[in-house]
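Residue numbers (our numbering), protein chains in the order written: chain A, 6 to 329; chain B, 3 to 77.
C-beta: ideal position from N, C-alpha, C; glycine also.
Source: prediction; values computed, not measured.
Read through the structure below, which is laid out as structure tokens, and then see the notes.
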């Protein structure tokens, strides 16, 4: 039974991944192209500026795959693989948790997928949001990676604690108050956590780089306008660049906003698809088989048994352990 | 999908939960979680902050756009 349920989770993830890729291809890829163009233009200006000032510039990136590959099968395989993995993880979480709550299988699947969306993506996004290409300094990738993964882990851990609190309190104070208490506790703890974690602009490497062309002290790594930061004029290709003059704009705010907004929608789409598809498959698989179970036969003996003698499809179970 | 056939067993209508031992269930769940986390790592992290295959950028560049769009830190 376990393998069949995991396969259903992975299948839901596959459907979610195909939808997610379609969405990304239509909405994200045009923005990625703009961001890559911006990045190339920026690198060219920085190289010229650093040469004119006799400074060493960071080496340009080399291309392994063409943009055509990256923006089609590259992004497709990445998003689909991610979604399948998340679908499988939701199924694993379901198998660990099922039978402990008087919940329809699909409702438990929805709850798990909802918490997954929050913990894996949305909560970390609040502090360290998704960025298009051109944003993110290569020399801070290690620190940024550690911070991001730590925040994903902490988000999931705190969410788990909050869910545990809600489950423990629900018999004492009722479901809604229990969920509210858990949610407020979570928000306080999470607020303290992300307030304590450093903004990316404050990383030591970024502070150290702020005297370079194209970098400046800022809260994030979003590219600032490239200006002549020297007190003397510079000459590039016969043109004089006065001190403080802007040579290249900062990153387009509208492109950044749209990219992040679409990134949120994309994840919402993916996790919703996993929740609905996996939930529907579960209900068919488990409740659909229920009449075959001898009533009262093995109830409560094993976690799976409680699930199969569980409620009929039309019956609503009141003691849910979380928000709708 | 009402009937499940188990390899090597007679044609029983369904597998009872007891048919899978707790140890085997733990292996299945642990193995699946490990595989899923490996995929998460390859799509989101590898050849960025740390690299499994040395100083290459093949996986990184292949999933480059997905990595950005899924919210992972990237260059």
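Where the beta strand (DSSP E) containing residue i begins and where it ends
| i | result |
| --- | --- |
| residue 270 (chain A) | Per DSSP, residue 270 (chain A) belongs to no beta strand (DSSP E); it is in the alpha helix (DSSP H), 258–287. |
| residue 246 (chain A) | 244–246 |
| residue 253 (chain A) | 251–253 |
| residue 240 (chain A) | 239–241 |
Own chain partners of residue i with C-beta closer than 7 angstroms, once the 5 adjacent residues on each side are dropped
| i | result |
| --- | --- |
| residue 57 (chain A) | 239, 240, 241 |
| residue 44 (chain B) | 61 |
| residue 256 (chain A) | 43, 139, 140, 227, 228 |
| residue 4 (chain B) | In this prediction, residue 4 (chain B) scores a pLDDT of 46, lower than 50, which makes its location untrustworthy; no coordinate-derived value is stated. |
| residue 113 (chain A) | 99, 102, 103, 106 |
| residue 248 (chain A) | 233, 235, 236, 237, 238 |
Beta-carbon proximity list for residue i, same chain, < 8 angstroms, skipping 5 on both sides
| i | result |
| --- | --- |
| residue 145 (chain A) | 205, 208, 210, 211, 226 |
| residue 71 (chain B) | none |
| residue 308 (chain A) | Residue confidence for residue 308 (chain A) is low, a pLDDT of 42 falling below 50, so the modelled location carries little weight; the figure read from the coordinates is stated next. Counting only Cβ-Cβ distances below 8 angstroms, and skipping sequence neighbours, we find 103, 104, 105. |
| residue 41 (chain A) | 72, 138, 139 |
| residue 55 (chain A) | 61, 62, 218 |
| residue 19 (chain A) | 85, 88, 89, 92 |
Residue range of the alpha helix (DSSP H) that includes residue i
| i | result |
| --- | --- |
| residue 36 (chain A) | 34–57 |
| residue 8 (chain A) | 7–28 |
| residue 132 (chain A) | 128–132 |
| residue 211 (chain A) | 209–214 |
| residue 91 (chain A) | 80–102 |
| residue 227 (chain A) | Neither: residue 227 (chain A) is in no alpha helix (DSSP H) and is coded neither H nor E. |
| residue 159 (chain A) | 146–178 |
| residue 60 (chain B) | 60–64 |
| residue 120 (chain A) | 110–121 |
| residue 52 (chain B) | It is not in any alpha helix (DSSP H) - residue 52 (chain B) carries neither H nor E in the DSSP assignment. |
| residue 125 (chain A) | That residue, residue 125 (chain A), is in no alpha helix (DSSP H); it is neither H nor E in DSSP. |
| residue 42 (chain B) | 24–46 |
Where residue i meets chain B, residues with beta-carbon distance less than 9 angstroms
| i | result |
| --- | --- |
| residue 268 (chain A) | 70, 71, 72, 73 |
| residue 217 (chain A) | Those do not exist, as residue 217 (chain A) stays about 16 angstroms from chain B at its closest Cβ, beyond 9 angstroms. |
| residue 138 (chain A) | 66, 67, 70, 76, 77 |
| residue 133 (chain A) | 73, 75 |
| residue 94 (chain A) | 34, 35, 38, 39, 42 |
Own chain residues within Cβ distance below 6 angstroms of residue i, not counting five before or after
| i | result |
| --- | --- |
| residue 224 (chain A) | 204, 206 |
| residue 80 (chain A) | 29 |
| residue 268 (chain A) | 135 |
| residue 251 (chain A) | 230, 232 |
| residue 286 (chain A) | 13 |
| residue 77 (chain B) | none |
| residue 273 (chain A) | none |
| residue 220 (chain A) | 214 |
Where residue i meets chain A, residues with beta-carbon distance less than 7 angstroms
| i | result |
| --- | --- |
| residue 56 (chain B) | Chain A residues near residue 56 (chain B): none, gap ~14 angstroms exceeds 7 angstroms. |
| residue 50 (chain B) | 146, 150 |
Chain B residues whose Cβ lies nearer than 7 angstroms to that of residue i
| i | result |
| --- | --- |
| residue 235 (chain A) | Neighbours of residue 235 (chain A) on chain B: none; closest Cβ ~27 angstroms, over 7 angstroms. |
| residue 100 (chain A) | 31 |
Within chain B, the residues that residue i reaches when beta carbons sit closer than 8 angstroms
| i | result |
| --- | --- |
| residue 75 (chain A) | 63, 64, 66, 67 |
| residue 23 (chain A) | Per Cβ cutoff of 8 angstroms: no residues; residue 23 (chain A) is ~13 angstroms from chain B at best. |
| residue 143 (chain A) | 77 |
| residue 8 (chain A) | 30 |
| residue 3 (chain A) | A question about residue 3 (chain A) goes unanswered here, because the residues of chain A that appear run from 6 up to 329. |
Where the segment 29–63 of chain A meets chain B: residues whose CB sits under 8 angstroms from a CB there: 29, 33, 34, 37
Is there contact here, the segment 48–57 of chain B with the segment 114–123 of chain A, by at least three beta-carbon pairs under 8 angstroms? no
Check whether the segment 257–268 of chain A touches the segment 34–41 of chain A, counting contact only when three or more Cβ pairs, one atom from each stretch, lie closer than 8 angstroms. yes
Validate contact between the segment 135–155 of chain A and the segment 81–95 of chain A using beta carbons, cut 8 angstroms, 3 pairs: no
Do three or more CB pairs link the segment 228–237 of chain A to the segment 162–170 of chain A at distances below 8 angstroms? no
Mind listing which residues of the segment 202–229 of chain A have their C-beta closer than 7 angstroms to chain B's C-betas, in chain order? none
Touching or not, the segment 278–298 of chain A and the segment 6–18 of chain A, by the rule of three or more beta carbon pairs under 8 angstroms? yes
Residues of the segment 149–171 of chain A whose Cβ lies closer than 9 angstroms to any Cβ of chain B, in chain order: 149, 150, 151, 152, 153, 154
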